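What follows is a set of notes on a single structure, which appears directly below.
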């Protein structure tokens, strides 16, 4: 039988007890915005789901890109 380990309690003066940094706000896109994607190239926003996803027409294909859009930039 293995001995159980007690959970470590955080020390009050430890520099590692800092709260996590808040996430940056999600970029907002509007209909008809011109965008550029690192993989798919230039596109046009044709649909917006608030803080969830955007639908982008890249000419050859239409893709739904989920937030937080790391590779999508407004032109």
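Residue numbers (our numbering): -1 to 73.
Glycine is no exception: its CB is placed at the ideal position from the N, C-alpha and C atoms.
All values derive from a computational prediction rather than experimental measurement.
Practice item. Classify residue 73 as buried or exposed, calling it buried when 16 or more other Cβ atoms lie within 10 Å of its own Cβ. Key: exposed
Check your understanding: Out of 60, 67, 39 and 37, which has the shortest C-alpha to C-alpha gap to residue 48?
Key -> 67
Point to revise | Short Cβ contact (8 Å threshold) for residue 52 with residue 42 | key: no
Review point. Where DSSP assigns a beta bridge to residue 53, which residues make up the other side?
Key: 45 and 62
Review point. In its own chain, which residues sit with a C-beta less than 6 Å from the C-beta of residue 45, not counting the 5 before and 5 after it?
Key: Within the same chain, and ignoring the five residues on either side of residue 45 in sequence, the residues whose Cβ sits closer than 6 Å to its Cβ are 53.
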